[in-house]
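Chains A and B supply the protein sequences, listed in that same order.
Anchor point for the first sequence: position 357 equals 358 in our numbering, and the numbering is continuous, going up by one each time.
Anchor point for the second sequence: position 230 equals 236 in our numbering, and the numbering is continuous, going up by one each time.
Don't be surprised by glycine CBs; every beta carbon is placed ideally from N, CA and C.
Structure, as structure tokens:
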Amino acid sequence: MAKRLPPTDAVIIGLGWAGAIIANELTDEGLQVVALERGPWRDTAADFNIATAPDELRYSQRQDLMLRTAQNTITMRNNPGQKALPMRNWGSFHPGNGTGGAGNHWAGITFRFQPEEFRLKSHLTERYGSTTIPEQLTLQDWGTDWTEMEPFYDAFDKVAGTSGKAGNLENKIQDGGNPYEGPRSSEYPTRPLRQPYGPTLFAQAARDMGYKPFPVPSALISEPYTNSLGVTMGPCTFCGFCTNYGCANYSKASAITTIIPVLVRKSNFTCRTNSEVLRILMDASGKRATGVVFVDSSGEEWEQPADIVIVTAFTFENVRLMLLSGVGEPYDPITNTGTTGRNYAYQTANGVQLFFDDKNFNPFIGAGAVGMGIDDFNNDNFDHSGLGFIGGGSIRVTPIGAAPIGNRPTPPGTPTWGSEWKKQTVKNYLSTMSIGCEASSYSMRNNYLSLDPTYCDRLGRPLLRVTFDFPENDLKMAQYCTDKVGEIAKAMNPRQYVKNPSKGHWNGGPYQSSHVVGGFVMGADPKTSSVNKYLQSWDVSNVFVVGASAFPQNPGYNPTATVGALAFKAADAIRTLYVKNPGPLVQA
Amino acid sequence: MNNLLLKSVGILAFTATAAVAQAPGDDSFEKVARGRYLATLGDCSACHTAAGGAPFAGGVVLQTPFGDLVGANITPDPDTGIGRYTEEEFQRVMSEGIGKGGYHLYGGMPFTAYTKVSKSDNSAIYAYLRSVEPVRNKVETNQLPFPFNIRASLIGWNFLNFSKGEFEKNPDRSAEWNRGAYIVEGLGHCGTCHTPKTSLGGDENDRFLEGATLQNWHAPNITADRHRGIGSWSTDEIVQYLKTGTNRFDTASGPMAEEVENSSQHWNDADLNAVAVYLKESRTSATEVPDALDADDTRIVAGKNIYADRCSACHTPDGNGIPRLFPKLSSAPLVNSDDPTSLIRVVLAGSRAGGTKASPTGPAMPSFAWNLSDDDVANVLTYIRNRWGNSAVPVAASEVKELREQLQE
Numbered sequence: 002m003a004k005r006l007p008p009t010d011a012v013i014i015g016l017g018w019a020g021a022i023i024a025n026e027l028t029d030e031g032l033q034v035v036a037l038e039r040g041p042w043r044d045t046a047a048d049f050n051i052a053t054a055p056d057e058l059r060y061s062q063r064q065d066l067m068l069r070t071a072q073n074t075i076t077m078r079n080n081p082g083q084k085a086l087p088m089r090n091w092g093s094f095h096p097g098n099g100t101g102g103a104g105n106h107w108a109g110i111t112f113r114f115q116p117e118e119f120r121l122k123s124h125l126t127e128r129y130g131s132t133t134i135p136e137q138l139t140l141q142d143w144g145t146d147w148t149e150m151e152p153f154y155d156a157f158d159k160v161a162g163t164s165g166k167a168g169n170l171e172n173k174i175q176d177g178g179n180p181y182e183g184p185r186s187s188e189y190p191t192r193p194l195r196q197p198y199g200p201t202l203f204a205q206a207a208r209d210m211g212y213k214p215f216p217v218p219s220a221l222i223s224e225p226y227t228n229s230l231g232v233t234m235g236p237c238t239f240c241g242f243c244t245n246y247g248c249a250n251y252s253k254a255s256a257i258t259t260i261i262p263v264l265v266r267k268s269n270f271t272c273r274t275n276s277e278v279l280r281i282l283m284d285a286s287g288k289r290a291t292g293v294v295f296v297d298s299s300g301e302e303w304e305q306p307a308d309i310v311i312v313t314a315f316t317f318e319n320v321r322l323m324l325l326s327g328v329g330e331p332y333d334p335i336t337n338t339g340t341t342g343r344n345y346a347y348q349t350a351n352g353v354q355l356f357f358d359d360k361n362f363n364p365f366i367g368a369g370a371v372g373m374g375i376d377d378f379n380n381d382n383f384d385h386s387g388l389g390f391i392g393g394g395s396i397r398v399t400p401i402g403a404a405p406i407g408n409r410p411t412p413p414g415t416p417t418w419g420s421e422w423k424k425q426t427v428k429n430y431l432s433t434m435s436i437g438c439e440a441s442s443y444s445m446r447n448n449y450l451s452l453d454p455t456y457c458d459r460l461g462r463p464l465l466r467v468t469f470d471f472p473e474n475d476l477k478m479a480q481y482c483t484d485k486v487g488e489i490a491k492a493m494n495p496r497q498y499v500k501n502p503s504k505g506h507w508n509g510g511p512y513q514s515s516h517v518v519g520g521f522v523m524g525a526d527p528k529t530s531s532v533n534k535y536l537q538s539w540d541v542s543n544v545f546v547v548g549a550s551a552f553p554q555n556p557g558y559n560p561t562a563t564v565g566a567l568a569f570k571a572a573d574a575i576r577t578l579y580v581k582n583p584g585p586l587v588q589a
Numbered sequence: 007m008n009n010l011l012l013k014s015v016g017i018l019a020f021t022a023t024a025a026v027a028q029a030p031g032d033d034s035f036e037k038v039a040r041g042r043y044l045a046t047l048g049d050c051s052a053c054h055t056a057a058g059g060a061p062f063a064g065g066v067v068l069q070t071p072f073g074d075l076v077g078a079n080i081t082p083d084p085d086t087g088i089g090r091y092t093e094e095e096f097q098r099v100m101s102e103g104i105g106k107g108g109y110h111l112y113g114g115m116p117f118t119a120y121t122k123v124s125k126s127d128n129s130a131i132y133a134y135l136r137s138v139e140p141v142r143n144k145v146e147t148n149q150l151p152f153p154f155n156i157r158a159s160l161i162g163w164n165f166l167n168f169s170k171g172e173f174e175k176n177p178d179r180s181a182e183w184n185r186g187a188y189i190v191e192g193l194g195h196c197g198t199c200h201t202p203k204t205s206l207g208g209d210e211n212d213r214f215l216e217g218a219t220l221q222n223w224h225a226p227n228i229t230a231d232r233h234r235g236i237g238s239w240s241t242d243e244i245v246q247y248l249k250t251g252t253n254r255f256d257t258a259s260g261p262m263a264e265e266v267e268n269s270s271q272h273w274n275d276a277d278l279n280a281v282a283v284y285l286k287e288s289r290t291s292a293t294e295v296p297d298a299l300d301a302d303d304t305r306i307v308a309g310k311n312i313y314a315d316r317c318s319a320c321h322t323p324d325g326n327g328i329p330r331l332f333p334k335l336s337s338a339p340l341v342n343s344d345d346p347t348s349l350i351r352v353v354l355a356g357s358r359a360g361g362t363k364a365s366p367t368g369p370a371m372p373s374f375a376w377n378l379s380d381d382d383v384a385n386v387l388t389y390i391r392n393r394w395g396n397s398a399v400p401v402a403a404s405e406v407k408e409l410r411e412q413l414q415e
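Next up, the structure:
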């Protein structure tokens, strides 16, 4: 029997980006907020010491900042006909853990989604007619639009200090920025980072081919910045220990570098770490949540009563908690009914590696999100008529820093050990670069999330089962976009270039991307979505579920800025609408 | 059962407090509120509120060269606090350093500064302290070894180190300057940390605010000296430092971080400004500025390389630092201090800046004790102390060794 704690106005599950943003907004509103975090407390001063942070073995190889699979993991399969098996080491993706969440070890690429994305199905139907969208895809509109989203993107940028160059300021196209971005209400808070050699060469080649290169928008800031909450960040030093690492220089925006220093000074905020939520509690009607039950590190169970329950864990745990708590009807791909677990999608990762003889890229100089990109082949920025697919990718060169264990670029055919491997490493380490293409992943009927019938966590609760394979549409798109990247690579005149498009079935082994989305999606229709445009559950109106779990499909962009914007959007709805008049904010 | 017991204790305490109640009107809202502000201005909690403990219940250990002194319980608890003190007895503590019953207080309680506090301010502080929650917490304040634990010795100490008397305004100075002087020399007791001490632990008054070392921290020179002191800071920059814990030069750490968090971030703007004006327009130390070491000095050559590898990413290659985040090392009073204790300490042990409402970041400096040798630390500090306009005596490896041993105790 769980021990009952004093009631609170709002309980927040997971203190990463979304949880911290909402906690800060609601405490500003005067609400009492309790945040529950399944991982440990982390902060820059204590955990990301400049003398110990650059440790490739600890952080990259042994994944020190990731959720431990002994605590929680997923099972995976490619289609409903297979039996899923558990992921015992993180391969395909890297869920975070602890305060700051995956925002501690993210790369920092901070794209906004484009206006068309929020009404993707309508947009594509208007442009190409209803027959162009391949039948296997279950694309949807988001139930919101650019006008509603832009102020919240702006709020996120001003907290994160995002560095970059606007390409579209209030509908005026700006030189040097990304002309395909949605109209921004203000310039990026900090200037673009200085570009290393690889991105510079790529941008030159792309420009010569008529494309429009721009600095990749980045949460690694380029100059000292004091954010909208009064917290100060310092400029990125290109140390090269960024993706998979916490930042020791206060340069990479995360909840712990931008928001939590303010939150911890508020008397109406409490955070309990090492506290894993087991389920959301419902009253007898099943229409109202009364709080949550969590377990602490001693195995003790506690009930935290709350008027509002806000779920801001990683995509997987958001959906799993909804399934375990019975919020919404579980999705069934056979009958195509239910919404919890529906429209799970991923990211289609592609790239081209370039081997030169006469270049020195000093690849140890890097950062998770410094680089140049083009959007000429992303999303619907190019005409898809007659191509047989929809979607596209963000093409870019972002040298993240070539640490010594994981970075041994050798041409195809090189042995994977021995003297020839060593010789090729020496020959190619300094003179190799790659162009990435982070591409869209569109949802389809058989890709979904559900509870595993066989495998449980340490507490006996079913693991989340991921059923996923790449749609034919996405594989065609991957080939097309990678060929376009190959043309740019060729123009850069390397000794050799190697194209690596996504192909075949999804394989959970090699790392591809942590951008897992959907499963509890937002929309205007409760038959095909779980939350309304305020991220409020259609079924249980005092539950808000915020994160990439709300994306109905995934464009060719990284998700974090949109997760941040949705968190501000949900918080604003709670502050301005819900606390004044609790209940459904949109009538179904 | 336990609950009942607690309640009875509470009632007893209340009765005892009521028994020595003051004259009507002494606990008026305005007076208590003023007393609370003054208690914050004087940072009473620095010594009288232990980390995680009840407010003003005592227990903070002050390490002196003579031994440990512990902050007393100053809640109104009748037996373990100051519940039985009359206002006159409290006034005597502040102005003369004499406790109830006539015993002498040690100079750890800075009555040598508090003697300047006005009677009406002491009265308000007293009214406020009467209003806080009484806490039963027995504190043995005197933990000094023999012979320093003999309080009678303080009679002689007072004769040498203490001149009694309320603050007197200087008619030649502005009201603002006088208010600043009242705070700095009196209730703010800045000299307790920042004024060099005699061998007896008294203030060297002719070197007021020229910097001193206590508990392995060096509190730098805060006179208007442009080399070792804060002469190059504008009044606005001094205000910003005291209010937010950081400005374009420096970020408060160690005991000063606590002072900013508990005290000066809560001062009103008029008082902050008055203190800044006083510090800018009072004394400047007149000691000689040493010549910077030559670039080819072996210590400078070695230190330069260590600095580039270990320090420059945050403090920047030119020593300018990042405003409000990583302290500026060029032209910094602490860097130019004759006494490098704080510098050695932060390199060896690291340091965490204070966070304030206005500047919540709270950045940290990591410890390098585990991978810089005594020679390395001495060389890199000697380099920092002799570049970018800085000049100060070199740091010796033996000084690093000594502090390293002390910090490990």
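Own chain residues within Cβ distance below 6 Å of residue i, not counting five before or after
i	result
Q513 (chain A)	S93 and A350
N73 (chain A)	D458
T70 (chain A)	R89
N361 (chain A)	L431
Minimum Cβ-Cβ distance from residue i to chain B less than 8 Å
i	result
V263 (chain A)	yes
C240 (chain A)	yes
N79 (chain A)	no
Y251 (chain A)	yes
G231 (chain A)	yes
G235 (chain A)	yes
C-beta contact flag for residue i and residue j at 8 Å
i	j	result
L193 (chain B)	L44 (chain B)	yes
A359 (chain B)	A263 (chain B)	yes
R316 (chain B)	F374 (chain B)	yes
L75 (chain B)	L150 (chain B)	yes
A549 (chain A)	V564 (chain A)	yes
E216 (chain B)	T198 (chain B)	no
T258 (chain A)	C243 (chain A)	no
A440 (chain A)	C482 (chain A)	yes
M373 (chain A)	P214 (chain A)	yes
G208 (chain B)	S291 (chain B)	no
Per DSSP, cross-strand counterpart(s) of residue i
i	result
K173 (chain A)	A:L170
E304 (chain A)	A:R5 and A:V294
W223 (chain B)	B:L220
The beta strand (DSSP E) enclosing residue i, as first and last residue numbers
i	result
R466 (chain A)	P463 to T468
M434 (chain A)	T433 to A440
I281 (chain A)	E277 to M283
I396 (chain A)	G394 to V398
R343 (chain A)	R343 to A346
For residue i, the first and last residue of its enclosing alpha helix (DSSP H)
i	result
T388 (chain B)	D380 to I390
Residues near residue i by beta carbon distance below 7 Å, same chain, minus five either side
i	result
G389 (chain A)	K477
I260 (chain A)	A21, I22, N25, V160 and L230
A27 (chain B)	With a pLDDT of 44 at A27 (chain B), under the threshold of 50, the predicted position of this residue should be treated as unreliable, though the coordinate-derived value follows. For A27 (chain B), where only same-chain residues beyond five positions count, there are no Cβ hits under 7 Å.
Cutoff 8 Å: residue i Cβ touching any chain A Cβ
i	result
P61 (chain B)	no
F255 (chain B)	no
P333 (chain B)	no
Neighbourhood of residue i by C-beta distance below 8 Å, restricted to the same chain and skipping five residues each side
i	result
N275 (chain A)	E38, R39, G40, P41, D297 and S298
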